[in-house]
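Enquirer:
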Amino acid sequence: MKKLMSLALVLSLVLGVASIALAQGPSGELEIFSWWAGDEGPALEALIARFAEMYPDVEVVNATVTGGSGVNARAVLKTRMLGGDPPDSFQVHAGQELIGTWVIADRMEDLTFLFEENGWMDKYPAGLLDLMSTDEGIWSVPVNIHRSNVLWYVPANLAEWGVEVPTNWAEFLAVCPTIQAAGVTPLSLGENWTVNHLWESVALAELGVDGWNALWDGSKAWTDADVVAMWDTFGQILDCTNDDAASLSWQQATDMVVNGTAAFNVMGDWAAGYMVTTLGLEPGEGFGWAASPGTDGVFMMLSDAFGLPVGAPNRDATVAWLAFVGSAEGQDIFNPLKGSIPAHLDGDVTNADLYNAYLQSAAADWASNTVVGSLVHGAVAPELFSSNFATVMEIFLSSRDATATSNAAAAVALQSGIGD
Ligand code: GAL
3 MKKLMSLALV LSLVLGVASI ALAQGPSGEL EIFSWWAGDE GPALEALIAR
53 FAEMYPDVEV VNATVTGGSG VNARAVLKTR MLGGDPPDSF QVHAGQELIG
103 TWVIADRMED LTFLFEENGW MDKYPAGLLD LMSTDEGIWS VPVNIHRSNV
153 LWYVPANLAE WGVEVPTNWA EFLAVCPTIQ AAGVTPLSLG ENWTVNHLWE
203 SVALAELGVD GWNALWDGSK AWTDADVVAM WDTFGQILDC TNDDAASLSW
253 QQATDMVVNG TAAFNVMGDW AAGYMVTTLG LEPGEGFGWA ASPGTDGVFM
303 MLSDAFGLPV GAPNRDATVA WLAFVGSAEG QDIFNPLKGS IPAHLDGDVT
353 NADLYNAYLQ SAAADWASNT VVGSLVHGAV APELFSSNFA TVMEIFLSSR
403 DATATSNAAA AVALQSGIGD
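Residues in the sequence shown are numbered from 3 upward in steps of one, following the working numbering.
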């Protein structure tokens with residue numbers, strides 16, 4: 003009897019300790035690595051603030067490396083990953099950017115278990131799940147859907163200048179001299195990656211959906227006549243941009259539209275996040291939007307996501323972070339501030355108190371448009387191609403030679419294994 007009682011005592015002690023451990027949940031430092039610094043920070047900061055309420059024993063380190071589109075952050079991440087010093091989790095684009103770099107190098111954990119545990123297998127659009135997966139697993143948790151191909155303007159300024167929103171690049175080029183004659187930059191542009199960003203909208207318009215997709219499955223040659231012609235059109239468009247582009251951030255290029263020194267800007271819809279959350283503008287009044295010229299009915303998507311690197315110092319806290327990032331609650335905190343729409347299908351995107359008029363229209367387009375992937379933001383090509391594309395662009399900018407540029411792009415595509 004005595005023996006039985008002491009066994010019961012030991013058991014209840016063990017169970018008690020176990021349930022305290024469970025109730026305690028994860029603890030310790032959790033390093034979240036991203037390029038959402040400064041003006042880009044509010045959405046992530048709000049997400050972290052709620053996570054901190056849910057997990058008071060976790061101390062989140064919000065580690066940012068400034069620089070639009072993650073050009074700088076990815077370089078720092080590469081050094082850390084190769085040096086065996088991964089952050090607990092890092093921002094990455096869903097698609098080839100992660101798969102073609104860190105998944106094929108066996109540096110990421112398969113997150114299928116997390117999708118199953120959280121019932122997410124049918125809570126994300128099938129196309130997005132495909133983008134994040136290989137036959138071996140699911141590699142990231144998406145927090146949003148952003149759109150790359152958006153043209154921004156200020157409706158009152160266009161009305162004053164008598165300028166219509168161009169529906170294709172020929173219309174834009176036709177109105178470019180009129181805008182220039184008014185002393186206004188027709189199309190504002192920023193530092194180098196924003197040139198590539200503009201390019202992907204132009205290429206989509208000029209090659210069409212099939213042509214764009216064919217570049218990435220290797221069934222279309224970069225040396226085809228329509229690709230060469232597209233570079234020429236791109237050059238004419240660049241002649242309608244500001245001379246100081248190289249010294250401006252994407253936010254400063256957006257500012258040019260807002261303050262009336264430029265008529266248009268092509269940028270992803272984080273620009274809507276910036277104009278609403280940072281500048282306090284009202285969508286439709288303070289700024290207007292349209293699909294970038296020639297791309298109406300097409301949604302060039304990208305998705306910001308987080309992954310779990312092999313050897314993450316605080317795996318338990320990272321799993322809790324990923325579960326929160328992928329939840330409808332987390333996404334409804336993050337996206338209204340970020341200028342993006344939730345990837346999770348239960349996101350409350352029809353709630354107009356939460357998601358503003360721009361985001362409502364993005365959600366409607368996402369649901370009804372033809373969806374293609376972004377090059378610059380990691381969806382369609384491995385990082386080897388995207389980073390070498392910078393050299394292709396330099397060749398074009400310094401030579402304006404469409405044929406030489408197309409040849410260089412073809413060589414980079416071959417080296418990067420596109421179409422293999
Ligand atoms: C993109 C990213 C967006 C935004 C943008 C500008 O690559 O997906 O969330 O941060 O860069 O930096």
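Glycine included, each C-beta is placed from N, C-alpha and C at the ideal position.
#1: What's the call for residue 111, buried or exposed, on a 16-neighbour Cβ count within 10 Å?
#2: Kindly say whether residue 372, judged by its beta-carbon, lies nearer than 7 Å to any beta-carbon of chain B.
#3: What three-state label does DSSP hand residue 338 in the structure shown?
#4: In terms of residues, what are the limits of the beta strand (DSSP E) holding residue 375?
#5: For the stretch 315 to 332 and the stretch 379 to 398, state whether three or more C-beta atom pairs, one from each stretch, are separated by less than 8 Å.
#6: Can you name, in chain order, every residue of its own chain whose Cβ lies under 7 Å from the Cβ of residue 230, other than the five neighbours on each side?
#7: Under the criterion of a Cβ to heavy atom distance below 6 Å, does residue 190 qualify as lining the ligand GAL?
#8: Out of 65, 142, 243, which has the shortest C-alpha to C-alpha gap to residue 381?
#9: Could you name the residues whose beta carbon sits closer than 5 Å to any heavy atom belonging to the ligand GAL, keeping them in chain order?
#10: Near residue 177, what residues of its chain come up, given a Cβ to Cβ distance below 8 Å and the 5 sequence neighbours on each side ignored?
#11: By Cβ distance below 7 Å, which residues in the same chain neighbour residue 125 in space, the five residues on each side in sequence not counted?
#12: Can you tell which of 278, 330, 130 has the C-alpha that lies nearest to the C-alpha of residue 44?
#13: Which of the three DSSP states is assigned to residue 165 in this structure?
#14: Please confirm whether residue 185 and residue 247 have their CB atoms less than 7 Å apart.
#15: Along the chain, where does the beta strand (DSSP E) that runs through residue 154 open and close?
#16: Rounded to whole angstroms, how far is the Cβ of residue 195 from the Cβ of residue 70, which I believe are closer than 8 Å?
#17: Would you kindly check if the distance between the Cβ of residue 113 and the Cβ of residue 147 is under 7 Å?
#18: Please return the same chain residues whose Cβ sits closer than 6 Å to the Cβ of residue 262, not counting the five positions on each side in sequence.
#19: Give the single residue among 210, 244, 417 whose Cα lies nearest to the Cα of residue 190.
#20: So, for residue 260: in the same chain, excluding its five sequence neighbours on each side, which residues have a beta-carbon less than 8 Å away from its beta-carbon?
Expert: Reading it off the structure:
#1: Buried, by the Cβ-count rule.
#2: Protein chain content of the structure displayed is limited to a single chain, and chain B is not contained in it.
#3: Helix.
#4: Counting along the chain, the beta strand (DSSP E) containing residue 375 begins and ends at 372 to 375.
#5: By the Cβ criterion, the stretch 315 to 332 is not in contact with the stretch 379 to 398, since fewer than three pairs of Cβ atoms, one from each stretch, lie closer than 8 Å.
#6: Counting only residues of its own chain and dropping the five nearest sequence neighbours on each side, residue 230 has a CB closer than 7 Å to the CB of 404, 405, 408.
#7: No, Cβ of residue 190 sits at least 6 Å from all heavy atoms of the ligand GAL.
#8: Taking only the C-alpha atoms, the option nearest residue 381 is 142.
#9: The chain-ordered list of residues whose CB is nearer than 5 Å to some heavy atom of the ligand GAL reads 70, 71, 272, 306, 379.
#10: Within the same chain, Cβ atoms closer than 8 Å to the Cβ of residue 177 are found at 165, 166, 168, 188, the five residues on either side in sequence being excluded.
#11: Cβ within range, chain order: 346, 347, 348.
#12: Answer by Cα proximity: 278.
#13: Coil, per DSSP.
#14: Taking a C-beta distance under 7 Å as the contact criterion, residue 185 and residue 247 do not qualify as a contact pair.
#15: Counting along the chain, the beta strand (DSSP E) containing residue 154 begins and ends at 152 to 155.
#16: Rounded, the Cβ-Cβ distance is 6 Å, consistent with contact.
#17: Against a cut-off of 7 Å, the Cβ pair of residue 113 and residue 147 comes out as no contact.
#18: Apart from sequence neighbours up to five positions away, the residues of its chain that approach residue 262 with a beta-carbon distance below 6 Å are 159, ordered along the chain.
#19: With distances taken between Cα atoms, residue 190 lies closest to 244.
#20: Same-chain partners within the cutoff: 156, 277, 281, 283, 288, 289.
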